[in-house]
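To start, the structure itself, in structure tokens.
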Amino acid sequence: MSRSVDTYNGWYAYHDFRKIDWNKWKSLKPSHRQQMIQELQKKAEEYQKTEDDNKGSFAQYAVLSHEADLMLIHLRPTIEELNEVKFGWDKTGFADFTTASYSFLSVVELSAYTIPPGVDPLDDPVFRARLQPILPKTQYVCFYPMNKRRVGNDNWFMLPIEERRKMMKSHGMIGRQYEGKVRQIVTGSTGLDDWEWGVSLFSDDPLYFKKLVYEMRFDEASARFGEFGSFYIGNRLTMDGLTSLLTD
Ligand code: 76R
């Protein structure tokens with residue numbers, strides 16, 4: 006008989022993808038644009054304060070692919086707070102020059118596959134801290150949503166837990182080879198969004214995303230069961246970076 010694995014859930018995550026209407030934006034007077042950039046700066050400072058108070062986290066990125074220009078990632082303890090953040094940003098003057106091209110709601114998730122029986126992981130402060138992560142300040146992020154397949158004999162959710170555990174162990178072993186090169190935050194989204202998980206990978210070298218994801222494609226958990234949505238690569242924007250992107 007198949008049964009679910011215990012999952013531990015932390016902060017909620019909102020990945021917000023925006024397209025900029027460059028025509029409209031460029032038609033503004035520089036002083037007007039400057040004013041709106043300052044307003045964005047204030048927002049970023051607000052988010053930084055929340056992060057400093059350990060009540061959430063924030064990072065913003067430039068996106069290269071045509072689907073978006075900006076990726077904003079917000080983590081907060083509750084969905085209400087994410088709502089406030091979203092509408093707060095939407096009320097800025099700059100937001101009028103953007104449209105949301107994609108979004109993803111999920112919650113930071115750690116599963117108990119590799120935790121020995123009888124151990125309460127919540128006793129471990131390191132484990133607890135991983136549920137409320139500060140977004141790594143790496144230069145690049147790679148985000149994609151994914152499912153575990155449910156087709157015929159390849160139905161992840163019908164497999165006995167021991168079989169899934171074995172596969173997740175092998176998955177984790179591959180992942181651990183990238184320690185120090187790639188940080189990952191897996192967020193669960195079953196019942197929250199259209200996919201079952203969001204994968205956010207952080208690195209200072211985008212080639213590690215390619216290497217890690219490629220290597221995992223040969224591992225059973227991904228090779229047989231992984232189904233993937235669109236991949237988004239973000240290049241981290243400091244406030245200065247965002248300012249020059251919007252003015253130069
Ligand atoms: O401590 C441990 O052993 C943790 C083991 C571990 C689990 C349980 C782990 C480690 N992951 C787990 C769960 Mn992962 N992960 C992905 C992807 O592109 C692909 O093929 C898959 C996307 C990547 C790149 C990745 C990276 N992981 C999960 C789950 C939930 C599955 C479930 O519950 O059924 C998903 C969807 C998922 C997907 N994983 C690691 C990594 C890396 C780099 C590691 C090792 C580093 C670490 O432990 O933080």
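Going by the working numbering, the sequence shown opens with residue 6, and the numbers climb by one from there.
All residues carry an ideal CB built from backbone N, CA and C; glycine is no exception.
Taking the Cβ of Trp202 as the reference point, at least one heavy atom of the ligand 76R falls within a distance shorter than 6 angstroms. Within the stretch 13-83, the complete beta strand (DSSP E) runs of at least 3 residues fall at 62-68, 75-81. Listed in chain order, the alpha helix (DSSP H) elements of length 4 or more contained wholly in the stretch 121-193 are 130-136, 166-181. In this structure, Ser62 places its C-beta atom within 7 angstroms of the C-beta atom of Leu80. The DSSP-derived three-state label of Thr195 is coil. Distances between the C-beta of Val112 and the heavy atoms of the ligand 76R are all 6 angstroms or more. Straight-line measurement puts the Cα of Leu136 at about 19 angstroms from the Cα of Gln53. Around the CB of Ala134, fewer than 16 other CB atoms lie within 10 Å, so the residue is classed as exposed. For Trp202, the secondary structure class from DSSP, reduced to helix, strand or coil, is strand. Arg241 sits in a strand when the DSSP states are folded into three classes.
Rounded to whole angstroms, the gap between the alpha carbons of Gly93 and Thr83 is 15 angstroms. Taking a 10 Å sphere around the C-beta of Leu212, we find fewer than 16 other C-beta atoms and assign the residue as exposed.
According to DSSP, residue pairing for Ser208 in a beta bridge involves Tyr145.
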